[in-house]
Each structure stands twice: as C-alpha cells, then as structure tokens.
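Undergrad: As given, the protein sequences belong to chains A and B, one line each in that order.
Just so we're aligned: the first sequence equals residues 92 to 402 in the working numbering.
Just so we're aligned: the second sequence equals residues 300 to 650 in the working numbering.
Ideal placement from N, C-alpha and C gives every residue a C-beta, glycine not left out.
All figures in this text were calculated on a predicted structure; none of them were measured in a lab.
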Amino acid sequence: MKKHFREWSVAAALGFILVALAVFAPPFYHPQPLLSLVTYEAPTLIVAVGMATIIICRQIDISVGSLFAVCGVCGALLLDRGWPCLAVLPVSMLLGALMGAINGGLVAGLGLPSIVVTLATMVTWAEALRWLRQGVLVNVGHAQWFGFTQGEGQLTIVITALVILLINAVGLRHLAAGRFIYAVGTNAEAARLAGLRPRLITFLMFVRLGTLTGLAAFLAAVQAPTLQPKPDNGLELKAIAAVVVGGVAISGGRGNLWGVFCGVLLLTVVSPISPALVYLGIPSYWGKAIQGAIILLAVVADGWRARKQKF
Amino acid sequence: MSSPTSSPPGWKAALRSHEFILLAVLMAEWVSFYFAGTHHTSHGTFGFGTADAQADILRHTVEIGLLALVMTPIILTGGIDLSVGSVMCFSEIVFGKLWRDAHMPIPIAATGALLTGAAAGGLNALLITWLRLPPLIVTLGTYSIFRGLAEAVTRGADVFAEFPASFTFLGEKSWLGVPVQVYVFVVVAIAVWLLVHRTTWGRSFRAIGYAPEGTRFAGIPVERRLALAYVLAGTVAALAGLIYASRLNQVTAADGTGYELAAITAVVLGGTSIFGGSGTVHGTLLGWVAVAVLSEGLAYANLPRELGGMLTGVLLILALSASILPKVLSNWRARRHTGTSTSQPPPPAST
Numbered sequence: 092m093k094k095h096f097r098e099w100s101v102a103a104a105l106g107f108i109l110v111a112l113a114v115f116a117p118p119f120y121h122p123q124p125l126l127s128l129v130t131y132e133a134p135t136l137i138v139a140v141g142m143a144t145i146i147i148c149r150q151i152d153i154s155v156g157s158l159f160a161v162c163g164v165c166g167a168l169l170l171d172r173g174w175p176c177l178a179v180l181p182v183s184m185l186l187g188a189l190m191g192a193i194n195g196g197l198v199a200g201l202g203l204p205s206i207v208v209t210l211a212t213m214v215t216w217a218e219a220l221r222w223l224r225q226g227v228l229v230n231v232g233h234a235q236w237f238g239f240t241q242g243e244g245q246l247t248i249v250i251t252a253l254v255i256l257l258i259n260a261v262g263l264r265h266l267a268a269g270r271f272i273y274a275v276g277t278n279a280e281a282a283r284l285a286g287l288r289p290r291l292i293t294f295l296m297f298v299r300l301g302t303l304t305g306l307a308a309f310l311a312a313v314q315a316p317t318l319q320p321k322p323d324n325g326l327e328l329k330a331i332a333a334v335v336v337g338g339v340a341i342s343g344g345r346g347n348l349w350g351v352f353c354g355v356l357l358l359t360v361v362s363p364i365s366p367a368l369v370y371l372g373i374p375s376y377w378g379k380a381i382q383g384a385i386i387l388l389a390v391v392a393d394g395w396r397a398r399k400q401k402f
Numbered sequence: 300m301s302s303p304t305s306s307p308p309g310w311k312a313a314l315r316s317h318e319f320i321l322l323a324v325l326m327a328e329w330v331s332f333y334f335a336g337t338h339h340t341s342h343g344t345f346g347f348g349t350a351d352a353q354a355d356i357l358r359h360t361v362e363i364g365l366l367a368l369v370m371t372p373i374i375l376t377g378g379i380d381l382s383v384g385s386v387m388c389f390s391e392i393v394f395g396k397l398w399r400d401a402h403m404p405i406p407i408a409a410t411g412a413l414l415t416g417a418a419a420g421g422l423n424a425l426l427i428t429w430l431r432l433p434p435l436i437v438t439l440g441t442y443s444i445f446r447g448l449a450e451a452v453t454r455g456a457d458v459f460a461e462f463p464a465s466f467t468f469l470g471e472k473s474w475l476g477v478p479v480q481v482y483v484f485v486v487v488a489i490a491v492w493l494l495v496h497r498t499t500w501g502r503s504f505r506a507i508g509y510a511p512e513g514t515r516f517a518g519i520p521v522e523r524r525l526a527l528a529y530v531l532a533g534t535v536a537a538l539a540g541l542i543y544a545s546r547l548n549q550v551t552a553a554d555g556t557g558y559e560l561a562a563i564t565a566v567v568l569g570g571t572s573i574f575g576g577s578g579t580v581h582g583t584l585l586g587w588v589a590v591a592v593l594s595e596g597l598a599y600a601n602l603p604r605e606l607g608g609m610l611t612g613v614l615l616i617l618a619l620s621a622s623i624l625p626k627v628l629s630n631w632r633a634r635r636h637t638g639t640s641t642s643q644p645p646p647p648a649s650t
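(1) Mind checking who residue 209 of chain A pairs with in its DSSP beta bridge?
(2) Excluding the 5 residues flanking residue 470 of chain B on each side, which residues of the same chain have their C-beta closer than 7 Å to its C-beta?
(3) Report the CB separation of residue 566 of chain B from residue 586 of chain B in whole angstroms; it is logged as a contact under 8 Å.
(4) Enumerate in chain order the residues of its own chain whose CB-to-CB distance from residue 607 of chain B is below 7 Å, with the five nearest sequence positions on each side excluded.
(5) When you compare the CB of residue 96 of chain A with every CB in chain B, is at least one pair closer than 7 Å?
(6) In chain D, what lies closer than 7 Å to residue 612 of chain B by C-beta?
(7) When the Cα of residue 278 of chain A is compared with those of A/348, A/344, A/209, which residue comes out closest?
(8) Return the chain-ordered list of same chain residues with a C-beta closer than 6 Å to the C-beta of residue 97 of chain A, the five sequence neighbours on each side being excluded.
(9) Three-state secondary structure (DSSP) at residue 474 of chain B?
(10) Hey, would you say residue 216 of chain A sits closer than 7 Å to residue 161 of chain A, going by beta carbons?
(11) For the alpha helix (DSSP H) containing residue 419 of chain A, list its first residue and its last residue.
(12) Kindly list, in the order they appear in chain B, the residues whose Cβ is closer than 9 Å to that of residue 328 of chain A.
(13) Who are the near neighbours of residue 316 of chain B in its chain, counting only those whose CB is closer than 7 Å to its CB and skipping five residues on each side?
(14) Spell out whether any CB of chain A is found under 7 Å from the CB atom of residue 605 of chain B.
(15) For residue 573 of chain B and residue 204 of chain A, which I take to be in contact (beta-carbon distance under 8 Å), what is that distance rounded to the nearest angstrom?
(16) Under three-state DSSP, which class holds residue 155 of chain A?
(17) Could you please tell me which residues of the segment 361-380 of chain B, in chain order, have their CB closer than 8 Å to any CB of chain A?
(18) Less than 6 Å between C-beta atoms, sequence neighbours within five positions excluded: which residues of the same chain meet that for residue 360 of chain B?
(19) If you follow the beta strand (DSSP E) that residue 345 of chain B is part of, which residue opens it and which one closes it?
(20) Return the CA-CA distance between residue 380 of chain B and residue 531 of chain B, expressed in angstroms with no decimal places.
(21) What are the boundary residues of the alpha helix (DSSP H) that residue 496 of chain B is part of?
(22) Within 10 angstroms of its Cβ, does residue 254 of chain A collect 16 or more other Cβ (buried), or is it exposed?
(23) Name the one or two DSSP bridge partners that residue 415 of chain B has.
(24) Quick test of your reading: residue 374 of chain B and residue 499 of chain B, contact by CB under 8 Å. State the CB separation rounded to the nearest angstrom.
(25) Which two residues bound the contiguous beta strand (DSSP E) that contains residue 130 of chain A?
(26) Residues in the same chain with beta-carbon distance under 8 Å from residue 228 of chain A, minus the five sequence neighbours each way, listed in chain order, please.
(27) Helix, strand or coil for residue 338 of chain B, going by three-state DSSP, please let me know.
(28) Taking the Cβ atom as the reference point for each residue, do residue 372 of chain B and residue 504 of chain B lie within a distance shorter than 7 Å?
(29) Against residue 454 of chain B, what residues of chain A qualify as contacts under a CB-to-CB distance less than 9 Å, listed in chain order?
(30) Mind listing the chain A neighbours of residue 451 of chain B? Cutoff is C-beta to C-beta under 7 Å, in chain order.
(31) Where does residue 459 of chain B fall in DSSP's three states?
(32) From the DSSP output, in three-state form, read off residue 428 of chain B for me.
(33) To the nearest angstrom, how far is it from the Cα of residue 185 of chain A to the Cα of residue 463 of chain B?
(34) Where residue 303 of chain B and residue 502 of chain B are concerned, what is the direct C-alpha to C-alpha distance, given to the nearest angstrom?
(35) With a threshold of 7 Å on Cβ separation, who are the neighbours of residue 384 of chain B within its own chain once the five nearest residues in sequence on each side are excluded?
(36) Measure the alpha-carbon distance for residue 109 of chain A versus residue 534 of chain B and round it to whole angstroms.
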C-alpha cells in the first residue's frame, strides 16, 4: 500500500470523481457518449504508454505530436488511395518507428539531450507537414471506423488500446526486458556495469514510442471522415501530464502503467470535450484550467510527501 | 564550454567559439536574403534589403526575443520554464479585462498585467524552491493552468480589441526609424546581460547549474536566486504580452501559443547548455536573431515560411552536435587507445 501510495491516490481521486458523477450526474454513464469520449482519448492512452517508458528511462520526447500528425496524414492518404486498413497500419507504425529511430539515434548515439533533440524534430516534422500539405484536408472516406459500423469501430479502437496497455504493463512488470528499463532509468552507469546496454535500451525506447505513436495516429485517423493535416497541439504535453499524474517520476526509474492508466482516465474525465463537465454544470472552457490544476495538485502532493519524509 | 574562471581565450579559440560560428551563420543568412529577397524596380527598392524590412523583422520577433532573454538565466541554473507563453497570454487577458471591463486607465491595467506575470513567476518559483520539484513538471502544470485560465476567463471566444492610440503606440509606431518596442527590448537586454555577466547573482545562476548542492554549501541562497530567475521570467513574459497586444491591437486566449519552445530554441541555439552551468546572454541574442532572420527572410525571397521552421530544427541539431562532437571524438579515441594497450593511460583530453 505504502509502496504504491502514489498510484492508489490517483485511483482514489478517479474513483471519487466517478462516484460523484454517478450521484450528481448519472447521465454521464449513458453508454454512447461515454464510449465516444473513451474512443477519442484511446490514442492518447497508447502514446502515454510509450511516453511512460521513455520517462522511466530518464528521457523525454516532446515530438510525439508532430510524429502523430505525420503518421496520421500518411495513413489517411494511403487509405484515400484505396489501400486496405491492414496494409496501412504497418506502414504508419513503420513510419513512426523510423522517426523515433532518428530521435533515439541522436539521443543515444550522439549523447545529445533528449528535450532539445525532440524539440528540434518536433518543429522540423510539423513544418515539413505544413509545407507539403498546405493545410489541405485529407479524405478518409470509406475507411472511417475501418469500414465497420461506428459502434464496432469504436469498440475495436478501445479494445486495441486496452490490449496494448495490458501487454505493456505486464511486460514492464514481469519481463526481464521491462526491468532493464527501470535499471537504466535508476542509474545508467550501474546498469552498464551490470552488463546492460543503456544506450541501446534508450534507443529502443524511442523507436518503441514512435511505433506506438504510429499506431495511435492510425487509430485516430479512422475516427473521422476527414483529417486535418496539422500537429495535434499539446498531445506531447497531454501524454507527459498523464504519465506524471499517474505517478511516474520525471527523474526516472519509478512508476508503472496502471498508474498511467488512472492518470489518462482522470484527465479524460475532466477534459474540455468530456460530457462530465456539462452534466456537472461547469462550462467546458474551464476544462483546461481544471486539467492544469490536477497536474499541479499531483505534483505538489509528490513534493509535499518527499518534503515530509526528508524532515 | 569555458568555465567562469578560465582565462580569456586567444583569437584562434575565439574563431571556433559558438558565438562566432553563429555570427557566421547569421551573416550567411543575411547576405543570401539580401541578394535573393531585395527587388529593384523603377519605383525604388523593395524587400529584405530595405530598412523598413529590417525594422519589420525586429517588430515581429521582439516578443520571442524577450522570452529568450529571460529564459537564459533559468536554463543557466539547469531549469526550464515551459509556462512563459501561457503566462504572457494570461497577463494580456488580465490587462484586457482591467481596461475594458473594469474601466481602468491603461497604465494601471498594464501594471496589473506585469504584477500578474510576476505572481505567475512567483508561483513557479514557490513550487520549485519550496517543494524542490523539477522545473519541467512544475512549469508544465502552470503552462496548462494559465492557458486554461485564459480560456476560462474569455470563455474561449472573447476578444479584447481597439485599444487607444496611447497604447498601440508601443507596438505599431517607430521613433527615429526604429520600432518603439525595440527600445524596450534593448533596455531589457542590457539589464539581463548585466545581471548575468556582471553581478554575483549571475555568477550564482551558473554555479547552481553546475552543482546545486555545492552552491548551497558555499553559502549562496539558492532558493532566492532561483526565485529571482523565475519571477523575472514571469514579469518579462507579461511585458512581452503587452507589446504583443499593442502590436496586433487585440488580445485572444490563443496568444503566445508555442512561444515557450521558440524561446528555448533561441537560447539553446545560442550555446547555453540545456543542463545548465554554461552559456551567455549575447549567445542567446545571436540565436534569436539567427532564427528571426531565417523565419522572416524566407518570405522576402519568395520561399515558403515553413522552410524556416524546418531549418531552425536542423540548425538546432547541428549546433548541438558541433558543441558535443569534440567530446565524443576524444571519448572514442580514448576508448580505442585503452582498447589496444591497457597499460598506458588515455591521452589528455585537451592539448
């Protein structure tokens, strides 16, 4: 209990809000709007899963918003040309992996600071996309919801996201490869002396985040009949926020994906597009401020606890 | 990366210094845009080469320059401030509210905006120093909360506009051929340069970046120094917001989006280490001008603006690689050396 205090407190906050919604705003639990909300945020969960391991590895990636946009637009263009969904998905993931490999190569290979490298690639990809597409909408058309009905498509997306979460959470907890990530994030030099290869692991984490971003972008692209060819502004900060709220330490080596899951859900419930705010009588334009307050609250709780332990 | 105590380098070292390389890049940019972006017609000369165009470039980028200036001390301490763009926007909204809805005169509304910025910086400083939280996370939170408050106060749609001429003077007019806001910028730039390079406060910023605990043991009040850097950033962000509002003659909840990253880009391009401890204010100024000329000059040369952003990203990576390459090479040489003959010590890093 004490060991996972951070995760439990996020879960408790989430539970409190969900119970409050059940009491004061039962219409929140109507299946259709709820499913739409969860579907909309499912790609965020997938990106957050990748972001969590990057941060556990003591790195950061702020280029995911641009990667997401590039993968999404390329995927949508292929769908528009009549490619089947099953062929577009690997292309999108491969493209994400490639761009992740560039980040990873610069960070792990040359030893450049990840925040600056990904700042640079973020700007570069976003501007390249804007230049090449000039803001022209991309038609997804017949491939919307993979060609299924809306309900089936939404369920497919949500289940995919949950399966990704489950596999990664179990792998990170129980596989040796998962423990390596914690080892590198806790102390890269000690990990190296223990026979691990921190630079290779760091590189692979960036590739992994790129691949997951490619998958998330594809799952987001099929949700609407047309796609805006611009970076999803704030996806990177949304993912980082969910990861931090979920109890992953920004200094690396600590946290797990169940906490991140709770973090994503918590930020989803109060997001500006969530019906929860409407039912509680809070205007939706307060959404972002409430999200910010939750992030700060989580951070302050962390700091307060650390301070109390120290004295 | 010279330490604060190193002796002044010779002219050969100066030629290899980060600032000099940046200056060369800047000259290359300026010369190529001069030839590609200046058009001579029978009615006179137009485009990049005219004084008006140069003034416009400054006018359009002064806000980012201000943010980059005050970001420099923060990054020198090993910190970062992601919230400056949001603080800038929220201060503008406060200004608009005070002026239009509370019917305050412009000077009082502007003071209110500056105080809001200072208070926002103070909140960052409080969380970072008192709770010892990582600046990245604290300012990520305040980034969200101030942008969110701006959206909440304006209901996401409200726009403040049509400010009186006594206020738009600041952003739209020129004095002696130079935009008025450039004078403000020069004053802030000199003040920040003096603070960082000519006071013990500035030296302690770098010391904190090198070794925060060591600085504390040396008897320097680390908390107060950090607080100064963040409050200064908030206040100047509000000032940048006022200039922005005055230049566009309107205030919306989307102002300053992405400015924090543009400011960080200028600082890092200017040679300040993102880990703290080394860097200069004049480097930041060069980094800012290099980005400004690149992004604004392309339009005069009939090239897509987007190219400017792409090249900025590439330039950033190249600048970083250039600064780190000697270290990577010497590490690599040392490793190869010890690999072949383990009995000899590795060669000294500097010759």
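TA: Looking at the coordinates:
(1) Position 118 of the first sequence, counted from the start, is the residue given in the question as residue 209 of chain A. The beta-bridge partner set that DSSP reports for residue 209 of chain A is empty.
(2) Residue 470 of chain B sits at position 171 when you count from the first residue of the second sequence. Answer for residue 470 of chain B: 480, 542, 545, 546, listed in chain order.
(3) Translated into positions along the second sequence, residue 566 of chain B becomes position 267. Translated into positions along the second sequence, residue 586 of chain B becomes position 287. Contact flag correct, Cβ pair sits at about 6 Å.
(4) Taking the first residue of the second sequence as 1, we reach residue 607 of chain B at position 308. The residues are 593, 594, 597.
(5) Position 5 of the first sequence, counting from 1, holds the residue named residue 96 of chain A. Not one chain B Cβ lies under 7 Å of residue 96 of chain A.
(6) No chain D is part of this structure, whose protein chains are labelled A and B.
(7) Within the first sequence, residue 278 of chain A is the residue found at index 187, counting from 1. Checked all of A/348, A/344, A/209; the closest Cα to residue 278 of chain A is A/344.
(8) Stepping through the first sequence from its first residue, residue 97 of chain A is reached at position 6. Sequence-distant Cβ neighbours of residue 97 of chain A in its own chain, meaning closer than 6 Å and more than five residues away, are 338.
(9) On the second sequence, position 175 is the one that residue 474 of chain B refers to. Collapsing the DSSP output to three states places residue 474 of chain B in a strand.
(10) Within the first sequence, numbered from 1, the residue matching residue 216 of chain A stands at position 125. Within the first sequence, numbered from 1, the residue matching residue 161 of chain A stands at position 70. Their beta carbons are under 7 Å apart, which means residue 216 of chain A touches residue 161 of chain A by this criterion.
(11) Here chain A covers residues 92 to 402 and nothing more, so residue 419 of chain A does not appear.
(12) Here the question's residue 328 of chain A lines up with position 237 in the first sequence. Ordered by position in chain B, the residues that pass the 9 Å Cβ test against residue 328 of chain A are 381, 439, 442, 443.
(13) To locate residue 316 of chain B, count along the second sequence from 1; it is residue 17. Answer for residue 316 of chain B: no residue qualifies.
(14) By 1-based counting over the second sequence, the position of residue 605 of chain B is 306. Interface residue, yes.
(15) For this step, residue 573 of chain B is matched to residue 274 along the second sequence. For this step, residue 204 of chain A is matched to residue 113 along the first sequence. Between residue 204 of chain A and residue 573 of chain B the Cβ distance is about 5 Å, and since that is below 8 Å, they are a contact.
(16) Taking the first residue of the first sequence as position 1, residue 155 of chain A is located at position 64. Taken through DSSP and simplified to helix, strand or coil, residue 155 of chain A comes out as helix.
(17) Closer than 8 Å at the C-beta level to chain A, one finds these residues of the segment 361-380 of chain B: 379.
(18) For the purposes of this step, residue 360 of chain B is identified with residue 61 of the second sequence, where counting begins at 1. Around residue 360 of chain B: 591.
(19) Numbered from 1 along the second sequence, position 46 holds the residue referred to as residue 345 of chain B. For residue 345 of chain B, the enclosing beta strand (DSSP E) covers residues 343-346.
(20) Here residue 380 of chain B refers to the residue found at position 81 of the second sequence. Here residue 531 of chain B refers to the residue found at position 232 of the second sequence. Spanning the two alpha carbons is a distance of roughly 11 Å.
(21) Working through the second sequence from its first residue, we reach residue 496 of chain B at position 197. First-last of the alpha helix (DSSP H) with residue 496 of chain B: 479-497.
(22) The residue you call residue 254 of chain A lines up with position 163 of the first sequence. The Cβ neighbour count for residue 254 of chain A, taken over all protein chains shown within 10 Å, is under 16; the residue is labelled exposed.
(23) Within the second sequence, residue 415 of chain B is the residue found at index 116, counting from 1. In the DSSP output, where bridge partners are listed per residue, residue 415 of chain B has none listed.
(24) Locating residue 374 of chain B in the second sequence gives position 75, counting from the first residue. Locating residue 499 of chain B in the second sequence gives position 200, counting from the first residue. Actually they are not in contact, since the Cβ atoms of residue 374 of chain B and residue 499 of chain B sit about 19 Å apart, beyond 8 Å.
(25) Here residue 130 of chain A refers to the residue found at position 39 when the first sequence is read from its first residue. Note, residue 130 of chain A: premise wrong, no beta strand (DSSP E); alpha helix (DSSP H) at 122-147.
(26) Your numbering for residue 228 of chain A matches position 137 in the first sequence. If we look at residue 228 of chain A and ignore the five residues flanking it on each side, its Cβ neighbours are 317, 318, 319, 320.
(27) The residue given as residue 338 of chain B occupies position 39 in the second sequence. Of the three classes helix, strand and coil, the one that applies to residue 338 of chain B here is strand, per DSSP.
(28) For the purposes of this step, residue 372 of chain B is taken as residue 73 along the second sequence, with counting starting at 1. For the purposes of this step, residue 504 of chain B is taken as residue 205 along the second sequence, with counting starting at 1. The Cβ atoms of residue 372 of chain B and residue 504 of chain B lie closer than 7 Å to each other.
(29) Here residue 454 of chain B is taken as the residue at index 155 of the second sequence, counted from 1. Ordered by position in chain A, the residues that pass the 9 Å Cβ test against residue 454 of chain B are 374, 376.
(30) Residue 451 of chain B sits at position 152 when you count from the first residue of the second sequence. In chain order: 376, 377, 380.
(31) Residue 459 of chain B sits at position 160 when you count from the first residue of the second sequence. Of the three classes helix, strand and coil, the one that applies to residue 459 of chain B here is strand, per DSSP.
(32) Mapped onto the second sequence, residue 428 of chain B falls at position 129. Correct three-state label for residue 428 of chain B: helix.
(33) Translated into positions along the first sequence, residue 185 of chain A becomes position 94. Translated into positions along the second sequence, residue 463 of chain B becomes position 164. Within the model, the alpha-carbon separation for residue 185 of chain A versus residue 463 of chain B is close to 55 Å.
(34) As a first step, residue 303 of chain B must be located in the second sequence, where it is residue number 4. As a first step, residue 502 of chain B must be located in the second sequence, where it is residue number 203. Because residue 303 of chain B carries a pLDDT of 47, less than 50, the predicted location of this residue cannot be relied on, and the following value inherits that uncertainty. Distance between the alpha carbons of residue 303 of chain B and residue 502 of chain B: 8 Å.
(35) Taking the first residue of the second sequence as 1, we reach residue 384 of chain B at position 85. Here the set comprises 555, 556, 557, 558, 559.
(36) Along the first sequence, one-based indexing puts residue 109 of chain A at 18. Along the second sequence, one-based indexing puts residue 534 of chain B at 235. Their backbone Cα atoms lie some 39 Å apart in a straight line.
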